[in-house]
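Just add 48 to the spot in the sequence shown (first one is 1) and you have this note's numbering.
For glycine and all other residues, C-beta sits at the position ideal for the given N, C-alpha and C.
In this text the structure is predicted, and so the values were computed from the model without any measurement.
Reading through the C-alpha coordinates given below for one structure.
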Amino acid sequence: DEGKSEMWITAIRNIKKNEELSYDYGFSFDCNYKDHICKCGSKNCVGFIIREGSRWRLKKQTNI
49 DEGKSEMWIT
59 AIRNIKKNEE
69 LSYDYGFSFD
79 CNYKDHICKC
89 GSKNCVGFII
99 REGSRWRLKK
109 QTNI
(Lines of atoms letter the chains of each structure in order from A and count residues from 1; the text may use other names and numbers.)
(Lines give C-alpha, C1' and ligand atoms only; values in the text may rest on other atoms or scores of the structure.)
Protein backbone atom coordinates (compact mmCIF):
# COMPACT_ATOMS: atom_id res chain seq x y z
CA ASP A 1 0.00 0.00 0.00
CA GLU A 2 1.24 3.46 -0.86
CA GLY A 3 2.34 5.47 2.18
CA LYS A 4 2.57 2.42 4.42
CA SER A 5 5.75 0.72 5.57
CA GLU A 6 6.54 -2.40 7.46
CA MET A 7 9.26 -3.27 9.90
CA TRP A 8 10.42 -6.73 10.87
CA ILE A 9 12.29 -7.35 14.10
CA THR A 10 14.18 -10.58 14.72
CA ALA A 11 15.27 -11.66 18.19
CA ILE A 12 18.77 -13.03 18.71
CA ARG A 13 17.54 -15.10 21.66
CA ASN A 14 14.30 -16.68 22.84
CA ILE A 15 11.93 -14.21 24.49
CA LYS A 16 10.12 -15.34 27.62
CA LYS A 17 6.36 -14.98 27.92
CA ASN A 18 5.45 -11.58 29.46
CA GLU A 19 9.05 -10.34 29.10
CA GLU A 20 9.17 -6.59 28.55
CA LEU A 21 10.63 -5.52 25.22
CA SER A 22 11.88 -2.12 24.13
CA TYR A 23 12.89 -0.64 20.81
CA ASP A 24 15.22 2.29 20.16
CA TYR A 25 13.62 4.30 17.35
CA GLY A 26 16.84 6.29 17.13
CA PHE A 27 16.24 9.19 14.79
CA SER A 28 19.43 10.69 13.35
CA PHE A 29 20.88 14.00 14.50
CA ASP A 30 20.46 15.38 10.99
CA CYS A 31 16.71 14.77 10.82
CA ASN A 32 14.16 16.80 12.77
CA TYR A 33 15.04 15.08 16.04
CA LYS A 34 13.49 18.00 17.97
CA ASP A 35 10.09 16.72 16.77
CA HIS A 36 10.71 13.52 18.77
CA ILE A 37 10.84 14.56 22.43
CA CYS A 38 11.58 11.79 24.94
CA LYS A 39 9.71 11.81 28.23
CA CYS A 40 11.27 8.72 29.82
CA GLY A 41 12.62 10.67 32.79
CA SER A 42 15.96 8.84 32.94
CA LYS A 43 18.82 10.91 34.39
CA ASN A 44 20.94 9.81 31.40
CA CYS A 45 18.34 10.82 28.79
CA VAL A 46 19.30 13.57 26.32
CA GLY A 47 15.63 14.60 26.02
CA PHE A 48 15.09 13.46 22.44
CA ILE A 49 14.65 10.11 20.71
CA ILE A 50 17.94 10.09 18.82
CA ARG A 51 20.08 7.14 17.77
CA GLU A 52 22.87 6.17 20.11
CA GLY A 53 25.64 7.02 17.64
CA SER A 54 24.40 10.64 17.43
CA ARG A 55 23.80 11.32 21.12
CA TRP A 56 27.33 12.67 21.66
CA ARG A 57 26.63 15.39 19.08
CA LEU A 58 23.49 16.44 20.92
CA LYS A 59 25.28 16.38 24.28
CA LYS A 60 28.11 18.51 22.85
CA GLN A 61 25.66 21.00 21.34
CA THR A 62 23.54 21.35 24.49
CA ASN A 63 26.25 20.72 27.11
CA ILE A 64 24.16 17.97 28.74
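Exercise. Which residues share a DSSP beta bridge with residue 98?
Worked result: 75
Exercise. Under a Cβ-count criterion, where at least 16 other Cβ atoms within 10 Å of its own Cβ denotes burial, should residue 73 be classed as buried or exposed?
Worked result: exposed
Problem set entry | Cutoff 7 Å; reference residue 105; Cβ partners in own chain excluding five residues on either side | So the qualifying residues of the chain are 77.
Exercise. Between the Cα of residue 55 and the Cα atoms of 62, 71, 64, 65, which residue gives the shortest distance?
Worked result: For the residues 62, 71, 64, 65, the minimum Cα distance to residue 55 belongs to 71.
For this session: Taking the CB atoms as reference points, tell me whether residue 75 and residue 57 lie closer together than 8 Å.
Result: no
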